[in-house]
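Enquirer: Dropping the structure in here first, questions after.
4 protein chains.
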Amino acid sequence: MVEPSGTGRVEEVVMCRWLAYSGEPLRPAELILDTQHSLVAQSLNSPLGAETVNGDGFGFGWYPTDPSPDAVPGIFHSIEPAWHNENLRDLTNTITSPMFLAHVRAAAGPPIQQTNCHPFRHENWLFMHNGFLEGFHLMQRDLRYAVDPSLYPSIVGTTDSETLFYLALTFGLQDDPIAALGRALRFVEETGEKHGVSAPVQGTYAVADGKTLWAFRYSTSHHSRTLFHSAAIPELREMFPDVERLEVFGEHAKVVVSEPLNDTPGAFITVPESTVAVLDESGYHHEPFLADAEAVLTPA
Amino acid sequence: MVEPSGTGRVEEVVMCRWLAYSGEPLRPAELILDTQHSLVAQSLNSPLGAETVNGDGFGFGWYPTDPSPDAVPGIFHSIEPAWHNENLRDLTNTITSPMFLAHVRAAAGPPIQQTNCHPFRHENWLFMHNGFLEGFHLMQRDLRYAVDPSLYPSIVGTTDSETLFYLALTFGLQDDPIAALGRALRFVEETGEKHGVSAPVQGTYAVADGKTLWAFRYSTSHHSRTLFHSAAIPELREMFPDVERLEVFGEHAKVVVSEPLNDTPGAFITVPESTVAVLDESGYHHEPFLADAEAVLTPA
Amino acid sequence: MVEPSGTGRVEEVVMCRWLAYSGEPLRPAELILDTQHSLVAQSLNSPLGAETVNGDGFGFGWYPTDPSPDAVPGIFHSIEPAWHNENLRDLTNTITSPMFLAHVRAAAGPPIQQTNCHPFRHENWLFMHNGFLEGFHLMQRDLRYAVDPSLYPSIVGTTDSETLFYLALTFGLQDDPIAALGRALRFVEETGEKHGVSAPVQGTYAVADGKTLWAFRYSTSHHSRTLFHSAAIPELREMFPDVERLEVFGEHAKVVVSEPLNDTPGAFITVPESTVAVLDESGYHHEPFLADAEAVLTPA
Amino acid sequence: MVEPSGTGRVEEVVMCRWLAYSGEPLRPAELILDTQHSLVAQSLNSPLGAETVNGDGFGFGWYPTDPSPDAVPGIFHSIEPAWHNENLRDLTNTITSPMFLAHVRAAAGPPIQQTNCHPFRHENWLFMHNGFLEGFHLMQRDLRYAVDPSLYPSIVGTTDSETLFYLALTFGLQDDPIAALGRALRFVEETGEKHGVSAPVQGTYAVADGKTLWAFRYSTSHHSRTLFHSAAIPELREMFPDVERLEVFGEHAKVVVSEPLNDTPGAFITVPESTVAVLDESGYHHEPFLADAEAVLTPA
């Protein structure tokens, strides 16, 4: 619950909402603005969310439909609430994209600034997080000092999520995203232990490189926030039987969401705890992620 | 209910929250940030409000404690949500003021811009509104053309509230606030009738000149949003018996609010429908406002 | 010269810079960010400009490369200076567009808000202005009241330029852009005369519908700000002989600018005073515009 | 010179302008908005400045005239250019303050965010910087890791200046500002040497605690940007002989500026290189600061 304290500050650690799409080029507004529980609608009122309002900025990252060979994805960040942003509306209605990520933020505290908005980008990689690192205040100095010195100056915000992204990059995200994010989360858990934080990791995570989308669900306490994705397109069409604009969805369209975009029973598949869903042109599959308690890594 | 439509636009007419203080010089943060249901807390979650979130900008206007003879009140407007605004926090913690007005906005629609934030100012006068002019889209051209041509260029926003303020100024607000706002609202009702709008006026209104505070409650349908004010200081102290900082309130402190600032039963007095509360150093009194049913021009 | 007065207010009427492109789909950053005197470079330092800094917001409007049948152009407006806007950089680097317009603003005065940023949009039409309506303060009430009542509620900003656009729409811009803008400017001149303003019109104007681009240069005093456009692509290639990225320009690429984008002599063709340049796929031609003193129209 | 590169990024390290006041309570607008070369005028055009435009945000910090015992100074930060900020105008016209600091920023690069705006605050201390740490990109990880771990989480921006402030706090700024800033600058020079940076320190620095104002001028190369302050009030009155509002200045009024506020010869006293000016109620004096050439660690 977002509960301003007596000083008016938001003291509680709170969370966000995110959405990622992979498939045939699509106007992002179809998912971000135009569904029953679109991400922008969720920014005002989130049925499953830990807090009602996700109004502390937003971000949208997209891979272009016809990229130049060395193209990086575009990012649009804003500290305004998503629900009244005219630029976001125009942008997501005018472009098409075969892979995009969007995020609405409910900040655990100031500062509200564009450098704290998801998704975060490094070269052609994007990263988003819904959740938090418990005790980040205590751990951040250690965590950031573990980031590769060549990457360190690229950390420009104050969030736990951005530091986690740079730890994962340090541990090889661009070579093996699943192993690297796993090592990064284990490193956070070890660092937390040193500082007396018992359950430092909580969340769902999206990683994308323009071809593949990885959607992770993991928490130290094995009780993570919700994560869903749509299945192959027949199910998706079944989901939205009466919506004419569904014709724009292609055969490979898949969407990953922190909350379902509509109330149709069975329309969205739950990603289980301690699991990563891997989605690309060929379809999707689930893999265990940090699920073996014995297999805890101890990165240097 | 704030309900983004299929296009993501907020279509419904929605409302705001406001607060006004008159009395001994006070740090405004005492009322804006630091009470149980402070205005900033209400911006995230409004118990009595028509909508949950008042996140579409805010405004704060204050008369300085030691004004220069020709001093106009200061205004701080922002399109950001009030709940995370560090500048508002610092400003209201650092200054003192014998009369201030604050407003959090839930916009009926774009544009979200500082010129649409309350309070509005003309010379030493401030004005705020919680409510709306139904059918303003149809009436605005007629209403604005009725504004005194010398005042017309000062209208810089797009809200119904600002136009209403300039109508009231045209009708003599600076000479007789009660009569002038009454004439302005009647003019809106007449204009609505021409355009087939049956109940054009809805709301509560605050007017201040630095010495006196007028708080109005009136709607064409005689079913206005809530309005309350605190009584003399003994009641106020009774309201907050356990709050040490109440010591900062002086004998003449009075606060007018669209929602009570705490849950203490009886702490706040309701301003009845079709009534204006007049508050100044000498105390307060209520007067009927547009209350004569015979004189009503056009409500359905 | 932008000269803050003793009160710190910018009192002088000042001007802006703009750029428009028509041709094969292009990454807009090629012209907006990447040339010697790109629009963003001009926002900090404008060699031919009336003022050094164009830092009071900017706008970018673009027609998508693969529009849906009923597509309107996208718009990105911001009140920040263009030179440090990361979102503008990402957007113009990631998309392509066969026709786009960009504008950096040096405001004659507050308010600085997105609704005062060019280009302005109505359905599939875009409009930009570099210049001003002298005495707009005196004329604005008359000018706005002459706007078609059905269009009136769409005026959401405070600029002379937006009001001029809605006058031109009222006079038939969508049917005959040249005649309609001519009538609108004549109407401004007549209105100015009534208010004792001797030379009310000053500027260059861009109008676009997604297929054709009209670039006007006209002032009451026949001494308008500069306007240029590039010729057919052979000249354009001659202009940038050493720039490898010129390979991205297609055979039909044309750019209209308030200032040349480089110092190459002869690279840009001057649009003469009282002239409109019409640019589309087939090439370009110039026509006289309000050039016949006898032919002054008197719209109702 | 602010020179956007081919990518549109501002590559050159650039500088800022600042102003600090100590004396009888004063409306800050008198110095920030209302003089011939006021700080806001300098934000658009800076006669002595290294760059023309200081439009990348601003900050204003003030100690209240009647502070509560534990009062911290207020801060107003904005990423907008100072020259059109209505909130700054209202704030500095409405309050009075016996000590205030103001800063306009010309950023060496993104991000432009409030957490990168000066002055920086820790408890009752304020800090501003005009200049830069050369090679900060290389040094920042080492510099930040040298900050006291209990202070580390308070670093929320990305600037060299903020890191320098926290180093000075680590080295005892609150006990001995002159010694502590000296140690911090020496530490930066040592760190620069390790990274092959020959002249890492450049700038002028303001430190305030609400009672005393310290204004430093020091660079590794002994060639710092300009710094001036006004003398006792008789000189100040002599400076502005025709300005009626000078009557508001009290006997103890002193202002420190990176550029003189008017063109009157002799009105402002230069603070010499490697010197700190100490200003309080009793007057002012100069002390050498890092002036011992033998002790210089690393300049070229």
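Sequences listed follow chains S, F, W and B, in order. Here the first sequence stands for residues 1 to 300, numbered as in my numbering. Here the second sequence stands for residues 1001 to 1300, numbered as in my numbering. Here the third sequence stands for residues 2001 to 2300, numbered as in my numbering. Here the fourth sequence stands for residues 3001 to 3300, numbered as in my numbering. Ideal Cβ positions, reconstructed from N, Cα and C, are used throughout, including at glycine.
Strictly below 8 angstroms CB to CB, what residues from chain S border residue 2090 of chain W?
Expert: Walking along the third sequence from the start, residue 2090 of chain W turns up at place 90. The answer, in chain order, is 74, 75, 76.
Enquirer: Report, in whole angstroms, the separation of the C-beta atoms of residue 2216 of chain W and residue 2181 of chain W, which I expect to be a contact under 8 angstroms.
Expert: By one-based count along the third sequence, residue 2216 of chain W stands at place 216. By one-based count along the third sequence, residue 2181 of chain W stands at place 181. With 8 angstroms as the limit, residue 2216 of chain W and residue 2181 of chain W qualify as a contact, their Cβ atoms being about 6 angstroms apart.
Enquirer: Contact criterion: CB-CB distance below 8 angstroms. Does residue 188 of chain S meet it with respect to chain B?
Expert: Translated into positions along the first sequence, residue 188 of chain S becomes position 188. No, no contact with chain B.
Enquirer: Considering residue 79 of chain S, what are the terminal residues of the beta strand (DSSP E) in which it resides?
Expert: Position 79 of the first sequence, counting from 1, holds the residue named residue 79 of chain S. Run containing residue 79 of chain S: none; DSSP gives neither H nor E here.
Enquirer: Should the stretch 87–100 of chain S be called in touch with the stretch 145–158 of chain S, which here means at least 3 C-beta pairs below 8 angstroms?
Expert: no
Enquirer: Just list the residues that DSSP pairs residue 26 of chain S with in beta bridges.
Expert: Here residue 26 of chain S refers to the residue found at position 26 when the first sequence is read from its first residue. Bridge partners of residue 26 of chain S: S:97.
Enquirer: Give the single residue among S:116, S:44, S:118, S:76 whose Cα lies nearest to the Cα of residue 83 of chain S.
Expert: Counting from one through the first sequence, the residue named residue 83 of chain S turns up at place 83. Nearest to residue 83 of chain S by alpha-carbon distance, out of S:116, S:44, S:118, S:76, is S:44.
Enquirer: Ignore the nearest five residues each way along the sequence and tell me which others in residue 2188 of chain W's own chain have a CB closer than 8 angstroms to its CB.
Expert: As a first step, residue 2188 of chain W is located in the third sequence; it is residue number 188 there, counting from the start. Closer than 8 angstroms at the Cβ level, and outside the excluded window around residue 2188 of chain W, lie 2133, 2139, 2143, 2164, 2167, 2200, 2201.
Enquirer: Is residue 1064 of chain F close to chain B? Criterion is C-beta to C-beta, closer than 8 angstroms.
Expert: Here residue 1064 of chain F corresponds to residue number 64 of the second sequence, with the count starting at 1. Interface residue, yes.
Enquirer: Please specify which runs of the alpha helix (DSSP H), each continuous and at least 4 residues long, are wholly inside the stretch 3099–3152 of chain B, giving them in chain order.
Expert: 3136–3145
Enquirer: For residue 113 of chain S, tell me which candidate among S:66, S:76, S:286, S:257 has the shortest Cα-Cα distance.
Expert: Position 113 of the first sequence holds residue 113 of chain S. Residue 113 of chain S has its Cα closest to that of S:76, out of S:66, S:76, S:286, S:257.
Enquirer: Candidates B:3277, B:3221, B:3191: which alpha carbon is nearest residue 3205 of chain B's?
Expert: Sequence index remark: in the fourth sequence, residue 3205 of chain B carries index 205 (1-based). When only C-alpha atoms are compared, the closest one is B:3277.
Enquirer: Please list, in chain order, all residues of the same chain as residue 33 of chain S whose beta carbon is under 6 angstroms from its beta carbon, the five residues on each side excluded.
Expert: On the first sequence, position 33 is the one that residue 33 of chain S refers to. Counting only Cβ-Cβ distances below 6 angstroms, and skipping sequence neighbours, we find 40.
Enquirer: Hey, is residue 50 of chain S's beta-carbon within less than 8 angstroms of any beta-carbon in chain B?
Expert: Here residue 50 of chain S refers to the residue found at position 50 of the first sequence. Annotation note: pLDDT 48 at residue 50 of chain S (below 50); position unreliable, no value reported.
Enquirer: Beta carbon of residue 1080 of chain F, beta carbon of residue 1248 of chain F: below 8 angstroms?
Expert: The residue labelled residue 1080 of chain F in the question sits at position 80 within the second sequence. The residue labelled residue 1248 of chain F in the question sits at position 248 within the second sequence. Against a cut-off of 8 angstroms, the Cβ pair of residue 1248 of chain F and residue 1080 of chain F comes out as no contact.
Enquirer: Please list the segments of the beta strand (DSSP E) lying wholly inside the stretch 144–218 of chain S, counting only runs of 3 or more residues, in order along the chain.
Expert: 201–208
Enquirer: One question on the structure: do residue 213 of chain S and residue 22 of chain S come within less than 8 angstroms of each other, judged by their Cβ atoms?
Expert: The residue given as residue 213 of chain S occupies position 213 in the first sequence. The residue given as residue 22 of chain S occupies position 22 in the first sequence. Yes, Cβ-Cβ distance for residue 213 of chain S and residue 22 of chain S is below 8 angstroms.
Enquirer: Indicate whether at least one CB of chain F lies closer than 8 angstroms to the CB of residue 2200 of chain W.
Expert: What you label residue 2200 of chain W is simply residue 200 of the third sequence in a count that begins at 1. Judged by the 8 angstroms Cβ criterion, residue 2200 of chain W is not in contact with chain F.
Enquirer: Indicate whether at least one CB of chain F lies closer than 8 angstroms to the CB of residue 247 of chain S.
Expert: Taking the first sequence and counting its residues from 1, the one referred to as residue 247 of chain S is at position 247. It does not; no Cβ of chain F falls within 8 angstroms.
Enquirer: Taking CB distances under 8 angstroms as the criterion, tell me whether residue 1035 of chain F reaches chain W.
Expert: Stepping through the second sequence from its first residue, residue 1035 of chain F is reached at position 35. It does not: the Cβ of residue 1035 of chain F has no partner Cβ on chain W nearer than 8 angstroms.
Enquirer: What number of angstroms, rounded off, separates the C-alpha of residue 2061 of chain W from the C-alpha of residue 86 of chain S?
Expert: Here residue 2061 of chain W corresponds to residue number 61 of the third sequence, with the count starting at 1. Here residue 86 of chain S corresponds to residue number 86 of the first sequence, with the count starting at 1. If I take the Cα positions, the gap works out to 13 angstroms.
Enquirer: Suppose you measure from the CA of residue 1191 of chain F to the CA of residue 74 of chain S; what does that come to, to the nearest Å?
Expert: As a position in the second sequence, residue 1191 of chain F is number 191, starting the count at 1. As a position in the first sequence, residue 74 of chain S is number 74, starting the count at 1. When rounded, the distance between both Cα atoms is 49 angstroms.
Enquirer: At which residues does the alpha helix (DSSP H) containing residue 1039 of chain F begin and terminate?
Expert: The residue labelled residue 1039 of chain F in the question sits at position 39 within the second sequence. Note, residue 1039 of chain F: alpha helix (DSSP H), 1039–1044.
Enquirer: Report, in whole angstroms, the separation of the C-beta atoms of residue 1309 of chain F and residue 1058 of chain F, which I expect to be a contact under 8 angstroms.
Expert: Given a span of 1001 to 1300 for chain F in the structure shown, any question on residue 1309 of chain F remains unanswerable.
Enquirer: Rank B:3186, B:3177, B:3115 by C-alpha distance to the C-alpha of residue 3221 of chain B and give the top, closest one.
Expert: As a working note, residue 3221 of chain B is residue 221 in the fourth sequence. Residue B:3186 is the option with its Cα nearest to residue 3221 of chain B.
Enquirer: In the structure shown, what three-state DSSP assignment does residue 17 of chain S receive?
Expert: Numbered from its first residue, the first sequence carries residue 17 of chain S at position 17. If DSSP states are grouped into helix, strand and coil, residue 17 of chain S belongs with the strands.
Enquirer: What's the gap between the Cα of residue 50 of chain S and the Cα of residue 224 of chain S?
Expert: Residue numbering aside, residue 50 of chain S sits at position 50 when the first sequence is read from its first letter. Residue numbering aside, residue 224 of chain S sits at position 224 when the first sequence is read from its first letter. Here the model assigns residue 50 of chain S a pLDDT of 48, short of 50, so the residue's position is not dependable and the matter cannot be decided.
Enquirer: Between which two residues does the beta strand (DSSP E) containing residue 1056 of chain F stretch?
Expert: Stepping through the second sequence from its first residue, residue 1056 of chain F is reached at position 56. Per DSSP, residue 1056 of chain F belongs to no beta strand (DSSP E) and is neither H nor E.
Enquirer: Under the rule that 16 or more other beta-carbon atoms within 10 Å means buried, what is residue 2159 of chain W, buried or exposed?
Expert: Mapped onto the third sequence, residue 2159 of chain W falls at position 159. Flag for residue 2159 of chain W reads buried.
Enquirer: Can you list, in chain order, the residues of its chain with a C-beta nearer than 8 angstroms to that of residue 1072 of chain F? Leave out the 5 residues immediately preceding and following it.
Expert: In the second sequence, the residue the question calls residue 1072 of chain F occupies position 72. Excluding positions up to five away in sequence, the list reads 1121, 1123, 1124.
Enquirer: Could you please give me the residues that DSSP links to residue 3287 of chain B through a beta bridge?
Expert: Translated into the one-based positions of the fourth sequence, residue 3287 of chain B becomes position 287. Answer is B:3276, bridged to residue 3287 of chain B.
Enquirer: Between residue 1289 of chain F and residue 1231 of chain F, what straight-line distance do the alpha-carbon atoms span, to the nearest angstrom?
Expert: Against the second sequence, residue 1289 of chain F aligns to sequence position 289. Against the second sequence, residue 1231 of chain F aligns to sequence position 231. Roughly 20 angstroms between the two C-alpha positions.
Enquirer: Would you say residue 2118 of chain W and residue 2203 of chain W are within 8 angstroms of each other, going by their C-beta atoms?
Expert: The sequence position of residue 2118 of chain W within the third sequence is 118, counting from 1. The sequence position of residue 2203 of chain W within the third sequence is 203, counting from 1. Not in contact: residue 2118 of chain W and residue 2203 of chain W (Cβ atoms no closer than 8 angstroms).
Enquirer: From the DSSP output, read off the bridge partner residues of residue 3229 of chain B.
Expert: For the purposes of this step, residue 3229 of chain B is identified with residue 229 of the fourth sequence, where counting begins at 1. B:3256, B:3269.
Enquirer: Between the alpha carbons of residue 3283 of chain B and residue 3024 of chain B, how many angstroms are there, rounded?
Expert: Residue mapping note: residue 3283 of chain B aligns to position 283 of the fourth sequence, counting from 1. Residue mapping note: residue 3024 of chain B aligns to position 24 of the fourth sequence, counting from 1. When rounded, the distance between both Cα atoms is 13 angstroms.
Enquirer: Among all the DSSP beta bridges, which residues are the ones paired with residue 3074 of chain B?
Expert: Here the question's residue 3074 of chain B lines up with position 74 in the fourth sequence. Answer is B:3062.
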